[in-house]
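Trainee:
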Amino acid sequence: MMLRWLLGALLVLLSGCVPSPSDRQTIRFWVMGREGEVVARLLPEFERRNPDIRVRVQQLPWTAAHEKLLTAYAGDSLPDLCQLGNTWVPEFAALRALAELKPEVAASRVIAAEDYFPGIWSTNVIDGRLYGIPWYVDTRLLFYRRDLVRDAGFDAPPRSWEEWERVMAAVKENAGPAGYAILLPLNEFEPLLALALQQDEPLLRDDATRGAFASPGFRRALDFYARMFRNDWAPTMAGAQISNVWAEFERGLFAFYISGPWNIEEFKRRLRPEHQRDWMTAPLPGPKGPGASTAGGASLVVFRSARHPQAAWRLIEYLSEPAVQVQFHQLTGNLPPRRTAWRDRRLADNEYAWAFREQLERVRPAPKVPEWERIVGEMQMTAEQVVRGRVGIDQATQALDRRVDAMLEKRRWLLARGKSQ
Amino acid sequence: MATRLAPAIVNGLLIGLTLVSLFPLLWMLSVSFMPAGAASVLPPPLLPDSPTLANYRELFVRAGMLHYVANSLLLAAAVTLCSLVLNTMAGYAFAKLAFAGRERLFRILIGALVIPGQVAMMPLFLLLNHMGLVNTYGGVVVPAMAGIFGIYLVRQYALSIPDELLEAARMDGAGEFRIFAIIVVPLLRPVLSALAVFTFLGCWNDFMWPLIVLTDDELQTLPVALASLSREHVQDNEMMMAGSVVTVLPVLVLFLALQKHYVQGLLMGSVKG
Amino acid sequence: MNAPPFAWVFVGPALLVIGVFFLLPVAAALGLSLTDFDIYALADLDNLRFVGLDNYLRMLQTPLFWQALGNTLYFVVVGVPLSIAVSLGAALLLHSRLARFRSFFRTALFAPVVTSLVAVAVVWRYLFHTRYGMVNHVLDQLGVQPIDWLGDPHWAMPTIILFAAWKNFGYNMVIFLANLQAIPEELYEAARIDGASWFRQLLHVTLPMLGPTLLLVGILTTAGYFQLFAEPYVMTQGGPLHSTVSMLYFMYEEGFKWWNFGVASAVALLLFGLIFAVTWLLLRLSGRGA
């Protein structure tokens, strides 16, 4: 009698454990760009391990993602979790749209903060609170033509600004009037930003409420940047005016190109086999030696309004497993943010990726204010005007500071009221 | 001598203008049948060497174009229907039904025609957000359910309905609604068909408002989907052309079938006297 | 006396929709433009401040605003006469007794008007591609250097002007055509008896009779052209070097990219004021001229 009762209870318990279809939670996951196209392939394994969770992926194009996210925030229709470029994290944190993740990380057996590159991890920490888990990283460093640099008389890539200038001057001399030493598309802000982050002075001062672009550090970076155009080492054009970057790189139009991880696969794919030994990557030179670079990439965030936050967190844990990160790398060429994942042979043996491994230990985040994206746009516009000779550096940086101060006025007011993040 | 050249010149110019007018559309059609990358060659091709339906397949299978077509159709139909009903009733009333402040109200509405719609966009967004209509079909349909231009068109046309007809019906004891439905609406058929075509085309091609109000992939209309595809896939030109064909073809066919009504409607609003 | 209450049933729904979803937001825009509604206010309405005319003053000090204004004026000043000239020309050609296959031509010339702007902008973007575009290919055959239509700050706006003319000329053409058909034949007869050439007939009969239509078309086209948005959005994203940022594009970016609703509303109202002023000016000038 007792046995039957026990069996009955056991059956009831078991049937409760096996999720019926109606118990399945569906989490909404927004992804952008190439990652969006590819992440679906990683999900079947996750759903197999977590039969009570179904993931519905929606892909957003990068060009509209920002607007869509804000509209969804306003309309209260945000998904459970989302891929968020790490420069957007401060903005959504300021909107109080993101859930804090420190408790989850503390309890997690998969995610350990120490395993991540510190510069990248810190892009998600605002005012001491953790708002996202890095998913993949992006930084900028040198892609260069080994043969052209060798022909100019140098065996190794430059490690400091001074060396770099010497190499570029020599390459330009060899290239003649129709060639260049480096390609710096004027619409890309990352190269200048990287040079600026290498300086000791921050880009914003007074608790990130005022611009510090007139500081000696940024002026030095801008001067170095503008010099490359003045000396005709870099062509004065925007990215759209180069019809095919890879073809021109192969042709030898320029020897240096500051770009990110996705171009490893692109260069391997688009350059002809006989030219594959002619190019290499190298960490970015800094003012006095190897320098810092931008801490880009995207994080996975959980929204405060998520209907299934625990399920969303489990997906984040899954995507943060080193093995899954390596898989993701195979599919997209994106670099993992965890050192453990980098030990995998597929990354450890990729000679083009070594420079990235080194650089990632030296990345610095941009100022973590919601207005940053606008500010960096202004920075690039200013740089372009300086490069095109329309305005001098002193005047330009002071004007930039004035505009940035105006943009940050509200933040100053909120901080004064004591209501900011 | 001059008289012999003249027809050649006139028709020659017309042919030239027509070529300029139609060439982009015909080329768009041609490229949509080319395999990927075939159009990015020098010299640019006019006709496909090996026509293929791959782009269309790609569009409908991978990019889910059918969904966007359905959305556009649904929204355009809903807006056309609602606005026809509301604008016709109001236009008729402004023309034939007496009520206090009628003329003054109408003049205010005409004055409001000058205001560009974009002025209202942000507060309208906040209002719809408050009502929970952002990111829903309602967000597109509800604000478009009536329009000043439509009311104006109907009123202008309805003015020509003989008063005696209406009076006679009233004296026979017919209610206002019966008069409207049975006598007025059939008489308004030309302006209604013009307005219907106008409104449908306008809603199908509308871009800025659906871009702002609809965020969910599933709800997007064709032009918005096409715009975001084009900003993303800068390299896949052949597929873009196929997307453009899908966006343009239904409207063009509708226009060819109903151009008489469309042009009529256009003229009704613009020709003085 | 059934008429009055019934009338309200007829006008009521439409007036309600227009009132709530158009007139009310327009009035609200006025109010919104006097605040600093931004992303912080979106998070917490407590962060909203009343700033009076500050948004307007700040706009007047923003270089990009003036550039947007300049670009828009450039587009209107060059685009409107071009579009009207082509429309008038096409209408005159179609109206001529020498023209054949009139209804085919009319349909063909009108076709671009009904197409979706986004769809054809994509096509034009490709036709004007620097390397693979048909236009540069033809120029190349004629021995002209290729032009970077959409990548060169000097050529981007002209390309958009050309595009707008192509897309819209059919609309005004139909209006002109209808009004041309309304000009009495006797006037032309009289001119021909006096020995006037076709050109003098054009100058002394056609254009004067079209006067009111020209004014109407001019005002409609001008008002429409001030609202330039979709072309830059699809074809150039406001570039290169912000040479194709129009006032509406600027407003859109302020409002829906950076979420500064206060500033964006101010821009929209400024645009409205501009359209109103220009329209009023056109009306006054024409009144004096006639």
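Protein chains in written order, with our numbering: chain B, 1252 to 1672; chain P, 3 to 275; chain R, 15 to 304.
Note that the Cβ used here is the ideal one computed from N, Cα and C, for glycine as well.
Since the structure is predicted, the reported quantities are computational estimates derived from the model, not experimental observations.
Taking C-alpha atoms, which residue in P:A146, P:E240 and P:Q266 lies nearest to P:P302?
Mentor: Absent from the model: residue 302 of chain P. The displayed extent of chain P is 3 to 275, so no value can be given.
Trainee: On the three-state DSSP scale, how would you describe B:S1411?
Mentor: The residue labelled residue 1411 of chain B in the question sits at position 160 within the first sequence. In the structure shown, B:S1411 sits in a strand (DSSP, three-state: E or B).
Trainee: Are the C-beta atoms of B:Q1310 and some chain P residue less than 9 Å apart?
Mentor: On the first sequence, position 59 is the one that residue 1310 of chain B refers to. Yes, B:Q1310 counts as interfacial toward chain P.
Trainee: Closest Cβ-Cβ distance between P:F182 and chain R: below 9 Å?
Mentor: Translated into the one-based positions of the second sequence, residue 182 of chain P becomes position 180. Taking Cβ atoms only, chain R reaches closer than 9 Å to P:F182, which makes this a yes.
Trainee: Have a look at R:F20 and P:E178 and give me their C-alpha separation to the nearest angstrom.
Mentor: Reading the third sequence from its first residue, position 6 is the one you call residue 20 of chain R. Reading the second sequence from its first residue, position 176 is the one you call residue 178 of chain P. When rounded, the distance between both Cα atoms is 7 Å.
Trainee: Does DSSP classify P:S42 as helix, strand or coil?
Mentor: Locating residue 42 of chain P in the second sequence gives position 40, where the first residue counts as 1. Of the three classes helix, strand and coil, the one that applies to P:S42 here is coil, per DSSP.
Trainee: Reducing DSSP to helix, strand and coil, say where R:R145 ends up.
Mentor: Your numbering for residue 145 of chain R matches position 131 in the third sequence. Coil, per DSSP.
Trainee: Using a Cβ cut-off of 9 Å, pull out every chain B residue sitting near R:K181, in sequence order please.
Mentor: Position 167 of the third sequence, counted from the first residue, corresponds to residue 181 of chain R. Per Cβ cutoff of 9 Å: no residues; R:K181 is ~23 Å from chain B at best.
Trainee: Suppose the cutoff is 6 Å on Cβ atoms and the five residues either side in sequence are ignored; what does the same chain contact list for B:R1590 look like?
Mentor: On the first sequence, position 339 is the one that residue 1590 of chain B refers to. Around B:R1590: D1366.
Trainee: Buried or exposed, going by whether 16 or more other CB atoms sit within 10 Å of the CB of R:I207?
Mentor: Reading the third sequence from its first residue, position 193 is the one you call residue 207 of chain R. Label assigned to R:I207: exposed.
Trainee: Would R:F124 and P:V265 be called neighbours here (beta carbons separated by less than 9 Å)?
Mentor: Translated into the one-based positions of the third sequence, residue 124 of chain R becomes position 110. Translated into the one-based positions of the second sequence, residue 265 of chain P becomes position 263. Cβ atoms of R:F124 and P:V265: closer than 9 Å.
Trainee: Quick test of the definition: if touching needs 3 or more C-beta pairs under 8 Å, does the segment 1426-1438 of chain B touch the segment 1504-1513 of chain B?
Mentor: Yes, they touch.
Trainee: Taking the beta carbon of B:E1424 as the centre, do at least 16 other beta carbons fall within 10 Å, making it buried, or is it exposed?
Mentor: Your numbering for residue 1424 of chain B matches position 173 in the first sequence. Classification for B:E1424: exposed.
Trainee: Excluding the 5 residues flanking R:I289 on each side, which residues of the same chain have their C-beta closer than 6 Å to its C-beta?
Mentor: Locating residue 289 of chain R in the third sequence gives position 275, counting from the first residue. If we look at R:I289 and ignore the five residues flanking it on each side, its Cβ neighbours are A237 and F240.
Trainee: Might you give, ordered along the chain, the residues of its own chain that have their beta carbon closer than 6 Å to the beta carbon of P:M243, omitting 5 neighbours on each side?
Mentor: On the second sequence, position 241 is the one that residue 243 of chain P refers to. For P:M243, where only same-chain residues beyond five positions count, the Cβ hits under 6 Å are M30, V33 and S34.
Trainee: Using the DSSP secondary-structure output, state which residues sit across from B:P1678 in a beta bridge.
Mentor: Because residue 1678 of chain B is not part of the residues shown, which for chain B are 1252 to 1672, the question remains open.
Trainee: Could you give the DSSP three-state label for B:Q1450: helix, strand or coil?
Mentor: As a first step, residue 1450 of chain B must be located in the first sequence, where it is residue number 199. Reduced to three states, the DSSP call for B:Q1450 is coil.
Trainee: Could you pull out every unbroken alpha helix (DSSP H) segment of at least 4 residues lying fully inside the segment 1283-1352 of chain B, listed in chain order?
Mentor: Here the runs fully enclosed are 1284-1290, 1294-1300, 1313-1325 and 1340-1345.
Trainee: Which residues, taken in chain order from the segment 23-41 of chain P, show a beta carbon closer than 9 Å to some beta carbon of chain R?
Mentor: Within the segment 23-41 of chain P, the qualifying residues are S23, L24, F25, P26, L27, W29, M30, V33 and A41.
Trainee: Would you please state the rounded distance, in angstroms, between the beta carbons of P:S232 and R:V248? I believe it to be under 8 Å.
Mentor: Within the second sequence, residue 232 of chain P is the residue found at index 230, counting from 1. Within the third sequence, residue 248 of chain R is the residue found at index 234, counting from 1. Right, their Cβ atoms sit about 6 Å apart.
Trainee: Can you list, in chain order, the stretches of the beta strand (DSSP E) that have 3 or more residues and sit fully within the segment 97-181 of chain P?
Mentor: The qualifying runs do not exist here; there are none.
Trainee: Specify the secondary structure class of P:Q222 as computed by DSSP and reduced to three states.
Mentor: As a first step, residue 222 of chain P is located in the second sequence; it is residue number 220 there, counting from the start. If DSSP states are grouped into helix, strand and coil, P:Q222 belongs with coil.
Trainee: Is P:K274 close to chain R, meaning its C-beta is less than 9 Å from at least one C-beta of that chain?
Mentor: Here residue 274 of chain P corresponds to residue number 272 of the second sequence, with the count starting at 1. In this prediction, P:K274 has a pLDDT of 40, which is less than 50 and means its spatial position is unreliable; nothing more can be read from the coordinates.
Trainee: Using alpha carbons as the reference points, say which of R:H218, R:L295 and R:M265 lies closest to R:Y70.
Mentor: Residue mapping note: residue 70 of chain R aligns to position 56 of the third sequence, counting from 1. Ranking R:H218, R:L295 and R:M265 by Cα distance to R:Y70 puts R:M265 first.
Trainee: Is it buried or exposed for R:F115, if we count other Cβ within 10 angstroms and need 16 for buried?
Mentor: Position 101 of the third sequence, counted from the first residue, corresponds to residue 115 of chain R. With fewer than 16 Cβ atoms within 10 Å of its Cβ, R:F115 is classed as exposed.
Trainee: Cβ of B:V1627 within 9 Å of Cβ of B:A1477?
Mentor: Taking the first residue of the first sequence as 1, we reach residue 1627 of chain B at position 376. Taking the first residue of the first sequence as 1, we reach residue 1477 of chain B at position 226. Taking 9 Å as the Cβ cut-off, B:V1627 and B:A1477 do not qualify as a contacting pair.
Trainee: Quick one, which of B:D1656, B:A1546 and B:E1635 has its alpha-carbon nearest B:M1479's?
Mentor: The residue you call residue 1479 of chain B lines up with position 228 of the first sequence. Of the listed residues, the one whose Cα sits closest to B:M1479 is B:E1635.
Trainee: Interface residues of chain P around R:R114 at Cβ under 7 Å?
Mentor: Numbered from its first residue, the third sequence carries residue 114 of chain R at position 100. Here the neighbours are N13.
Trainee: Check whether the Cβ atoms of B:E1501 and B:R1528 lie closer than 9 Å to each other.
Mentor: Against the first sequence, residue 1501 of chain B aligns to sequence position 250. Against the first sequence, residue 1528 of chain B aligns to sequence position 277. No.
Trainee: Step through the CB atoms of chain R and report whether any lies within less than 9 Å of the CB of B:Y1324.
Mentor: As a first step, residue 1324 of chain B must be located in the first sequence, where it is residue number 73. It does: the Cβ of B:Y1324 has a partner Cβ on chain R nearer than 9 Å.
Trainee: So R:A43 contacts chain B; which residues on that side make the cut at Cβ distance below 8 Å?
Mentor: Here residue 43 of chain R is taken as the residue at index 29 of the third sequence, counted from 1. Per Cβ cutoff of 8 Å: no residues; R:A43 is ~17 Å from chain B at best.
Trainee: Which residues bound the beta strand (DSSP E) around B:M1531?
Mentor: For this step, residue 1531 of chain B is matched to residue 280 along the first sequence. Counting along the chain, the beta strand (DSSP E) containing B:M1531 begins and ends at W1530 to A1533.
Trainee: In the DSSP output, what is R:F264 paired with across the bridge?
Mentor: Position 250 of the third sequence, counted from the first residue, corresponds to residue 264 of chain R. According to DSSP, which records beta bridges pairwise, R:F264 is partnered with nothing at all.
Trainee: Taking just the CA atoms, how far does B:S1544 sit from B:R1703?
Mentor: Shown here, chain B extends from 1252 to 1672; a query on residue 1703 of chain B therefore has no answer.
Trainee: Got a sec: is the Cβ-Cβ distance from B:M1632 to anything in chain R below 9 Å?
Mentor: Along the first sequence, one-based indexing puts residue 1632 of chain B at 381. With 9 Å as the cut-off, B:M1632 counts as an interface residue toward chain R.
Trainee: Which full runs of the beta strand (DSSP E) of 3+ residues lie inside the segment 1369-1434 of chain B, going along the chain?
Mentor: Fully enclosed beta strand (DSSP E) runs of 3 or longer: 1384-1389 and 1392-1396.
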